[in-house]
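First the structure, in the form of structure tokens, and then the observations on it.
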Amino acid sequence: MKKQAWTMIIILSLFLVGCSSENEEISKELLPEVEGTYTMLQIFGDDDNNISTPDFLSHYDDEQLNKTFPSWIGIAKTEARNRYSSLDIEETPQYYFFDTKGLVLKTGNNEEARNFIEDKLNNNE
Numbered sequence: 001m002k003k004q005a006w007t008m009i010i011i012l013s014l015f016l017v018g019c020s021s022e023n024e025e026i027s028k029e030l031l032p033e034v035e036g037t038y039t040m041l042q043i044f045g046d047d048d049n050n051i052s053t054p055d056f057l058s059h060y061d062d063e064q065l066n067k068t069f070p071s072w073i074g075i076a077k078t079e080a081r082n083r084y085s086s087l088d089i090e091e092t093p094q095y096y097f098f099d100t101k102g103l104v105l106k107t108g109n110n111e112e113a114r115n116f117i118e119d120k121l122n123n124n125e
């Protein structure tokens, strides 16, 4: 009986380690390498025909944006759910901002995303 209990404990432990490693891999992909920079993950609706940089970023030049936000990922909702299953993706558009330590902002509000970006750009000047 004790052998079976230990076998089950070992199997469950290996399963949990496997699951946590997968989530860590997803997080590492989204984390920027340089302190003071951010990754922006933008989730679009599956029916959106024009996946592009948000309009509210148009008044910034590319050099200014790339310095603080070197990685911008735009992805459709279904693909995002498959690729980033640890994120709770419900509505679109959805914006996720990551720094070197992890998720710093999740919002579906364009104004909130714009304010976050402007704040970070102004602090890096």
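1 is the number of the first residue of the sequence shown in the UniProt record's numbering; add one for each residue after it.
Idealized CB from N, CA, C, for every residue including glycine.
If you're wondering where the values come from, they're calculated on a predicted model, not measured in any experiment.
Q. Can you give the Cα-Cα distance for ASN123 and ASP88, rounded to whole angstroms?
A. The alpha-carbon of ASN123 is positioned some 29 Å away from that of ASP88.
**Q.** Integer-rounded CB distance, given that ASP46 should sit under 8 Å from LYS77
**A.** With 8 Å as the limit, LYS77 and ASP46 qualify as a contact, their Cβ atoms being about 5 Å apart.
Q: Can you have a look at LYS28 and say buried or exposed, based on whether 16 or more other CB atoms are within 10 angstroms of its CB?
A: The residue in question, LYS28, is exposed, as its Cβ has fewer than 16 Cβ neighbours within 10 Å.
Q. Looking at the structure shown, is THR92 part of a helix, part of a strand, or coil, going by DSSP?
A. Under the three-state reduction of DSSP, THR92 is assigned to coil, being neither helix nor strand.
Q | Proximity winner among THR100, THR107, GLU91, ARG83, relative to SER71 (alpha-carbon distances) | A | If we check each option's Cα against that of SER71, THR100 comes out closest.
Q: Whole angstroms is fine: what's the gap from GLY63's alpha carbon to PHE116's?
A: Note that residue 63 is Glu in the sequence shown here, rather than Gly. Computed Cα separation, rounded: 18 Å.
**Q.** Extent of the continuous alpha helix (DSSP H) to which LEU105 belongs
**A.** Premise fails: LEU105 lies in the beta strand (DSSP E), 102 to 107, not in any alpha helix (DSSP H).
(Q) My output table needs one value for LEU31: the three-state DSSP class, helix, strand or coil. (A) Coil.
Q) Whole alpha helix (DSSP H) runs in the region 35 to 83 with 4 or more residues, listed along the chain? A) The alpha helix (DSSP H) runs lying completely inside the region 35 to 83 and spanning 4 residues or more are 62 to 68, 77 to 83, given in chain order.
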